[in-house]
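Below: one structure, written as structure tokens.
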Amino acid sequence: MSTYTSATDADRRAMLDAIGVDSIEALFADIPAALRLGRGLDLPAGMAEQEVYAHLRDLAAKNVSTEDEVSFLGAGMYDSYVPALIDSIILRSEFLTPYTPYQPEISQGGLQVMFEYQTAISELTGLPVSNASVYEGPSAVGAAGYLAKLTNGRPRVLASRGVHPHSRATLETLSHGYGQTVEEIPLRDGVTDLEALKAALGDDVSAVVLQQPNFLGSVEDVAELTAAAKAVGALVICACDPIPLGILQPPGEQGVDIAVGEGQSLGNRLDFGGPSFGFFAAAQEHIRRMPGRIAGETTDVDGRRGFVLTLQTREQHIRREKATSNICTAQALNALAGVIYLSWLGRDGLVELGELLVQRTAYARERLAAIDGVELLHEAPVVREFAIELDADVDAVVERLASEGINPGYRLGRDYDEYPNGLLVALTEQRSRAQIDRLAEALERAITAERATAGAIAGASA
Numbered sequence: 054m055s056t057y058t059s060a061t062d063a064d065r066r067a068m069l070d071a072i073g074v075d076s077i078e079a080l081f082a083d084i085p086a087a088l089r090l091g092r093g094l095d096l097p098a099g100m101a102e103q104e105v106y107a108h109l110r111d112l113a114a115k116n117v118s119t120e121d122e123v124s125f126l127g128a129g130m131y132d133s134y135v136p137a138l139i140d141s142i143i144l145r146s147e148f149l150t151p152y153t154p155y156q157p158e159i160s161q162g163g164l165q166v167m168f169e170y171q172t173a174i175s176e177l178t179g180l181p182v183s184n185a186s187v188y189e190g191p192s193a194v195g196a197a198g199y200l201a202k203l204t205n206g207r208p209r210v211l212a213s214r215g216v217h218p219h220s221r222a223t224l225e226t227l228s229h230g231y232g233q234t235v236e237e238i239p240l241r242d243g244v245t246d247l248e249a250l251k252a253a254l255g256d257d258v259s260a261v262v263l264q265q266p267n268f269l270g271s272v273e274d275v276a277e278l279t280a281a282a283k284a285v286g287a288l289v290i291c292a293c294d295p296i297p298l299g300i301l302q303p304p305g306e307q308g309v310d311i312a313v314g315e316g317q318s319l320g321n322r323l324d325f326g327g328p329s330f331g332f333f334a335a336a337q338e339h340i341r342r343m344p345g346r347i348a349g350e351t352t353d354v355d356g357r358r359g360f361v362l363t364l365q366t367r368e369q370h371i372r373r374e375k376a377t378s379n380i381c382t383a384q385a386l387n388a389l390a391g392v393i394y395l396s397w398l399g400r401d402g403l404v405e406l407g408e409l410l411v412q413r414t415a416y417a418r419e420r421l422a423a424i425d426g427v428e429l430l431h432e433a434p435v436v437r438e439f440a441i442e443l444d445a446d447v448d449a450v451v452e453r454l455a456s457e458g459i460n461p462g463y464r465l466g467r468d469y470d471e472y473p474n475g476l477l478v479a480l481t482e483q484r485s486r487a488q489i490d491r492l493a494e495a496l497e498r499a500i501t502a503e504r505a506t507a508g509a510i511a512g513a514s515a
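Numbering (this note's numbering), first residue to last: 54 to 515.
See below:
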């Protein structure tokens with residue numbers, strides 16, 4: 054018996070004889086020798102089951118979750134509250150275990166979930182069509198760039214530096230494959246520089262990619278940026294945080310062609326990075342180029358309301374030359390959590406949540422900005438996230454706060470060289486005024502201590 058399967062040597066010999074091959078190695082004859090490893094994998098010896106359990110337990114103990122600390126970490130994934138109602142529904146076997154709903158006569162529940170989800174995303178974004186979800190936010194941005202390429206064939210994409218770094222990286226990687234270049238538009242005072250955008254625009258620009266609010270937390274003037282892009286016939290792609298859309302003008306009402314985003318904050322836990330889902334909505338004229346699948350409403354032979362898979366752009370389902378996407382998997386279970394969450398909140402609840410975040414973020418911003426050694430990176434309006442600059446080594450400060458059970462936010466220097474000691478602070482409805490005060494007090498102590506340490510080192514060096 055092999056290490057991983059129950060096939061015996063006799064079983065393998067029988068299979069090789071059946072297909073007329075002398076050895077397993079012969080199956081790989083067409084692979085050039087230079088590409089073959091030529092030896093076994095360099096792996097440690099196996100362990101007994103109880104040893105594996107102990108090893109995994111030790112690894113898991115190294116993780117720190119939002120249950121273990123007060124977290125102000127955001128940057129695209131947020132410690133939002135997930136109501137018990139969600140698990141009570143998504144853990145039902147008919148939602149948790151079904152296969153792709155190719156047979157509508159036995160898949161009405163799953164298809165209706167897709168349809169209701171699409172309706173919610175369309176209402177949220179102000180755009181008429183939504184697909185049944187994609188993998189996550191960054192790949193949705195990349196897929197939107199390809200849709201723009203298919204629409205107008207132009208070779209250039211302009212992406213604001215305020216777009217999430219992961220989304221920009223995904224867009225650049227995918228664009229390289231289909232012959233587009235991605236150029237970055239700088240920020241000015243925390244928002245996309247309109248004049249720099251206008252200077253970069255031309256009739257060879259396929260799309261302009263924005264984010265609302267942007268990565269630094271600033272609320273962009275999407276309508277003004279969109280108007281500039283439309284003047285040269287470019288499409289506008291806007292990556293949106295869905296929660297602030299309860300209080301901000303929907304992108305579709307501002308002329309945006311494609312709205313995409315990360316759906317984790319809609320009823321999905323952080324879960325150490327996933328899984329989550331991405332949403333993708335667009336103007337009607339792009340419906341046949343959208344990635345993934347779209348569920349539609351119909352009637353059966355008896356006139357009863359029903360649901361079917363209406364459009365699929367994957368090459369497996371339509372002629373290859375007509376395919377525009379290889380995305381098959383709708384993140385149906387995660388998207389179901391999203392639509393349950395939106396239904397649980399309701400229209401008024403979403404607005405109330407957005408207003409609550411604005412109030413708590415304003416308090417936190419004012420509280421931290423009052424600390425000696427903290428400056429705001431910009432004065433632009435924000436909803437639930439804002440950026441500050443520390444007059445101390447940010448890594449050392451974060452480490453000091455971690456020892457007090459506080460995660461103060463995302464270190465901007467990881468992605469923005471111009472902000473080596475920048476910190477992106479995020480608020481959710483789970484962060485109280487008392488926790489904000491605790492963050493401010495701990496941050497002030499940490500900055501004071503790091504200044505003293507730096508001063509002592511400088512004095513010793515002198």
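The beta-carbon is built from N, C-alpha and C at its ideal position, and this holds for glycine as well.
*Does the beta-carbon distance from Arg-110 to Pro-297 come in below 8 Å?*
Arg-110 places its beta carbon 8 Å or farther from that of Pro-297.
*Grouping DSSP H, G and I as helix and E and B as strand, with all else coil, what is Gly-484?*
Residue 484 is actually Arg in this sequence, not Gly. Of the three classes helix, strand and coil, the one that applies to Arg-484 here is coil, per DSSP.
_Cβ neighbours of Glu-428 in the same chain (closer than 6 Å, five flanking residues each side left out)_ = Taken in chain order, the residues that qualify are Glu-442.
*If we count Cβ pairs, one from each stretch, closer than 8 Å, do we get three or more for the stretch 209 to 226 versus the stretch 404 to 416?*
These segments do not touch.
_Counting beta carbon pairs with one atom in the stretch 152 to 161 and one in the stretch 348 to 366, are three or more of them shorter than 8 Å?_
Below 8 Å, enough C-beta pairs join the stretch 348 to 366 and the stretch 152 to 161 to call them touching: three or more.
*Return the first residue and the last residue of the beta strand (DSSP E) that Ser-220 is part of.*
Segment 218 to 230 is the alpha helix (DSSP H) holding Ser-220; no beta strand (DSSP E) there.
*Taking 8 Å as the CB-CB cut-off, is Gly-407 touching chain D?*
In the displayed structure, chain D is absent; only one protein chain is listed.
_If you reduce the DSSP assignment to three classes, tell me which class Val-478 lands in._
Strand, per DSSP.
*Going along the chain, which residues of its own chain have a beta-carbon closer than 6 Å to the beta-carbon of Gln-264, five neighbours each way excluded?*
The residues Gly-215, Val-216 and Ala-292, in chain order, have a CB closer than 6 Å to that of Gln-264 in the same chain once the five nearest residues on each side in sequence are set aside.
*C-beta contact flag for Phe-125 and Asn-460 at 8 Å*: yes
*asked:* If you reduce the DSSP assignment to three classes, tell me which class Arg-145 lands in.
replied: coil
*How many angstroms separate the CA atom of Gly-195 from the CA atom of Glu-497?*
40 Å
*Terminal residues of the continuous beta strand (DSSP E) containing Glu-273?*
Unbroken run through Glu-273: none, as it is neither H nor E.
_According to DSSP, simplified to helix, strand and coil, what is Gln-265?_
strand
*Considering Ser-192, what are the terminal residues of the alpha helix (DSSP H) in which it resides?*
190 to 205
*Since Leu-96 is in the alpha helix (DSSP H), which residue starts that stretch and which ends it?*
Careful: Leu-96 lies outside any alpha helix (DSSP H) and carries neither H nor E.
*Roughly how many angstroms lie between the CA atoms of Met-54 and Thr-61, to the nearest whole one?*
Low confidence applies to Met-54: its pLDDT is 40, below 50, so where it sits in the model is not reliable enough to give any reading.
*Rounded to whole angstroms, what's the CA-CA distance from Thr-204 to Pro-181? Just pull it up for me.*
18 Å
_Let me check understanding here. Comparing Cα to Cα, which of Leu-269, Ile-300, Ala-260 and Asp-294 lies closest to Ala-281?_
Ala-260
_Close Cβ partners of Ala-197 (< 6 Å) along its chain, the five nearest in sequence each way excluded_ = Ile-290, Ile-311 and Val-313
_Suppose the cutoff is 6 Å on Cβ atoms and the five residues either side in sequence are ignored; what does the same chain contact list for Phe-333 look like?_
Listed in chain order, the non-local C-beta contacts of Phe-333 below 6 Å within the same chain comprise Asn-184, Val-187, Ala-193 and Val-313, local neighbours out to five positions each way being set aside.
*Does the distance from the CB of Leu-269 to the CB of Leu-421 come in under 8 Å?*
No, these two residues do not count as a Cβ contact at 8 Å.
*Taking 8 Å as the cut-off, decide whether the C-beta atoms of Leu-247 and Leu-227 are in contact.*
no
*Looking only at C-alpha atoms, which of Leu-398, Asp-121 and Thr-245 sits nearest to Pro-136?*
Leu-398
_beta strand (DSSP E) segments (min. 3 residues) lying fully within the stretch 431 to 474_ = 438 to 443
*To the nearest angstrom, how far is it from the Cα of Ser-213 to the Cα of Pro-304?*
16 Å
*Give the C-beta separation of Asp-468 and Glu-503 to the nearest angstrom, bearing in mind that I take them to be a contact with Cβ-Cβ under 8 Å.*
Under the criterion of beta carbons closer than 8 Å, Asp-468 and Glu-503 do not qualify as touching, at roughly 22 Å.
*Helix, strand or coil: how does DSSP classify Ile-296 here?*
coil
*Only counting runs of 3 or more residues, tell me where the beta strand (DSSP E) segments fall wholly within the stretch 308 to 394, in order along the chain.*
311 to 315, 331 to 335, 346 to 352 and 358 to 365
_Going by DSSP in three states, Leu-254 sits in which element: helix, strand or coil?_
coil
*When the Cα of Glu-471 is compared with those of Gly-243, Phe-148, Tyr-131 and Val-210, which residue comes out closest?*
Gly-243
*By how many angstroms is the C-alpha of Phe-148 removed from the C-alpha of Ala-487?*
One C-alpha to the other measures close to 39 Å.
*When burial is assigned at 16 or more other CB atoms within 10 Å of the CB, is His-339 buried or exposed?*
buried
_One or two residues paired with Ala-260 in a DSSP bridge_ = Val-210 and Leu-288.
*Would DSSP call Arg-418 helix, strand or coil?*
Looking at Arg-418 - three-state DSSP - the assignment turns out to be helix.
*Pick out whichever of Ser-76, Leu-301 and Gly-320 has its Cα sitting closest to the Cα of Asp-132.*
Gly-320
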